[in-house]
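Chains as they are written, first to last, in the numbering used here: chain A, 1 to 106; chain B, 1 to 360.
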């Protein structure tokens, strides 16, 4: 009886874990898309003579997602900190894109 | 810089304040207390000169922090931090109830660990300590059972319910220790190992940070700041005696450090009387002094048979001695306005050492 219940529980966890992995893959694909967009911004900023770091824009992005997270019933504080990491990731992509664009221009 | 907000501030007002600070390139940290909410700002404060923070809706006052540490500073939090160790209800460190971490200096085998765990739990300890990796002054001394000890600690936690505290010595061990232990200890010799501090700051596990042998209070707080700066604010500080000219005791317990730390930081402060005195008969008086001075808990070495201990034999208490200290400690705790967990006798069946036993 107990063994049956254990087996059922283990199967349910395994199935949820598979779905979590699929969701992680989807998250990675979205992050990849965001990084590609960031590289585009990096190149556009180079052309426009603007610096990579734009604290005002970053602060606005974080405020927007925090508000949205709260509306969705998600913990706003954790979502903020997650997005600061996402922004840092994309900022470094912009820097790489700029450096390779500048090298290509030489 | 710290922004104290008006009571009943709205989320929208808080968001606006934080955006104003973050626009200037600084980070913000929110601390919601029972009576007030605080926004701590980290970064180049000169950038805030033109922001006019005091005029923003919801701001009550703006206070500069004139110390080298920020996030550990008392002012940075609305309320003192309570660190909860372990799953479920866990064991709280920093609340009104004293936390008592007890157990052997190092894990020497299954039988001694189970026996030590059952006896410290019975006497009212709230967490179990046990070294898997031991930093020793001599490279030829016993340096711990490593991963084998971590597995034993996880087993004993399942049996007794006591959360596990164990030391991590090297950045390469952080992941494996975090996998098994509930709280990661940074030993005195590693207090200023900044790579290790950053590494434990990256994992979401409470950290017990011990004061270095020659570390000043400010250096201890700055070491903790490294961990908080990486996003892990679950840090407990531990005074364990400092090196002085005195040789009668192993180290000199800096009792004065306890009220100074309690004044300077919101982090909990505990005391390790075993390492401070270095002799088992000093554990009781130093424990009483620590609690009288305001410590939030103690970390005490207990060994089923100290005479056979492979490390720190002289300073380990027997289970009976530990029970005696705990009983006498209750009066000091009450005088200091603190409570203690009641004795918690558990009938632990020590599993036999034989491989395969109990498998079905």
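Heads up, the beta-carbon is just placed ideally off N, CA and C, and yes, glycines get one too.
Bear in mind that the values here come from a model prediction, so they are computed numbers and not experimental data.
Report the rounded CA-to-CA distance for residue 174 of chain B versus residue 202 of chain B, giving the unit in angstroms. The alpha-carbon atoms of residue 174 of chain B and residue 202 of chain B are separated by roughly 10 Å.
Check whether the stretch 59-77 of chain A touches the stretch 41-48 of chain B, taking contact to mean three or more Cβ pairs, one atom from each stretch, closer than 8 Å. no
Where do the ends of the beta strand (DSSP E) carrying residue 103 of chain B lie? 99-103
How is residue 358 of chain B classed by DSSP in three states: helix, strand or coil? With a pLDDT of only 37 at residue 358 of chain B, under the threshold of 50, the placement of this residue in the model should not be trusted, and no figure is reported.
With residue 150 of chain B and residue 120 of chain B assumed to form a contact (beta carbons below 8 Å), what rounded beta-carbon distance in angstroms separates them? Contact doesn't hold; Cβ gap of about 19 Å is too wide.
Under 7 Å Cβ-Cβ, which residues of chain A neighbour residue 24 of chain B? 55
Please identify, using Cβ separations under 8 Å, the residues of the stretch 52-79 of chain A that lie next to chain B, in order along the chain. Listed by position along the chain: 53, 55, 56, 58, 59, 60, 62, 63, 66, 67, 70, 76 and 77.
Excluding the 5 residues flanking residue 178 of chain B on each side, which residues of the same chain have their C-beta closer than 7 Å to its C-beta? 184, 203 and 205
Do residue 265 of chain B and residue 221 of chain B have their C-beta atoms within less than 8 Å of each other? yes
Do you know offhand how far residue 358 of chain B's Cα is from residue 314 of chain B's? Note on residue 358 of chain B: pLDDT 37, under 50, position unreliable in the model; the coordinate value appears next. Straight-line Cα distance between these residues: approximately 36 Å.
Partners in chain B for residue 81 of chain A, counting only beta-carbon separations shorter than 9 Å: 231
Kindly identify the DSSP beta-bridge partner or partners of residue 92 of chain B. B/84
Please report how far the alpha carbon of residue 353 of chain B lies from the alpha carbon of residue 137 of chain B, in whole angstroms. Any reading at residue 353 of chain B must be qualified, since the residue scores a pLDDT of 48, below 50, and its modelled position is unreliable; the value itself is stated next. About 31 Å.
CB contact flag (residue 258 of chain B, residue 290 of chain B, <8 Å): yes
Among B/155, B/170, B/171 and B/172, which has the Cα closest to the Cα of residue 164 of chain B? B/155
Hey, is residue 30 of chain B's beta-carbon within less than 8 Å of any beta-carbon in chain A? yes
May I have the straight-line CA-CA distance separating residue 106 of chain B from residue 133 of chain B, to the nearest angstrom? 8 Å
Is the CB of residue 352 of chain B under 8 Å away from at least one CB in chain A? Confidence in residue 352 of chain B is poor, its pLDDT being 48 and thus under 50, which makes the residue's placement too unreliable to answer from.
Verify whether the separation of the beta carbon atoms of residue 19 of chain B and residue 59 of chain A is less than 8 Å. yes
Can you name the start and end residues of the beta strand (DSSP E) that residue 29 of chain B belongs to? Segment 27-32, the beta strand (DSSP E) holding residue 29 of chain B.
May I ask you to report which of helix, strand or coil DSSP gives residue 361 of chain B? No answer is possible for residue 361 of chain B: it lies beyond the span of chain B, which begins at 1 and ends at 360.
Under 7 Å from the C-beta of residue 87 of chain B: neighbouring residues of chain A: Residues of chain A passing the Cβ test: none, with the nearest at roughly 17 Å.
Confirm, please, whether the CB-CB distance from residue 270 of chain B to residue 93 of chain B is below 8 Å. Contact: yes.
8 Å Cβ shell around residue 76 of chain B - same chain, five flanking residues per side excluded: 2, 29, 31, 38, 40, 65, 70 and 266
What runs of the alpha helix (DSSP H), each 4 residues or longer, lie entirely inside the stretch 117-189 of chain B? 147-160 and 174-180
Relative to the alpha-carbon of residue 51 of chain B, which residue among B/24, B/68, B/129 and B/13 has its alpha-carbon at the smallest distance? B/24
Put residue 262 of chain B into one of helix, strand or coil per three-state DSSP. helix
Could you tell me the distance, in whole angstroms, from the CA atom of residue 8 of chain B to the CA atom of residue 280 of chain B? 52 Å
Can you name the residues of chain A whose CB is closer than 9 Å to the CB of residue 179 of chain B? Those do not exist, as residue 179 of chain B stays about 17 Å from chain A at its closest Cβ, beyond 9 Å.
At a Cβ threshold of 8 Å, is residue 285 of chain B touching chain A? no
Would residue 408 of chain B pass as an interface residue toward chain A - the criterion being a Cβ-Cβ separation below 8 Å? Residue 408 of chain B lies beyond the stretch modelled for chain B, which goes from 1 to 360, so this question has no answer here.
Segments of 4+ residues assigned as alpha helix (DSSP H) that fall wholly inside the stretch 259-324 of chain B: 273-277 and 280-292
Can you check which of these residues, B/311, B/117 and B/241, is closest to residue 213 of chain B by C-alpha distance? B/241
So is residue 15 of chain B buried or exposed if we call it buried at 16+ other beta carbons inside 10 Å? buried
For a test of the three-state rule: what should DSSP assign to residue 58 of chain A, helix, strand or coil? helix
In whole angstroms, give me the CA-to-CA distance for residue 21 of chain B and residue 68 of chain A. Between the alpha carbons of residue 21 of chain B and residue 68 of chain A lies a distance of about 20 Å.
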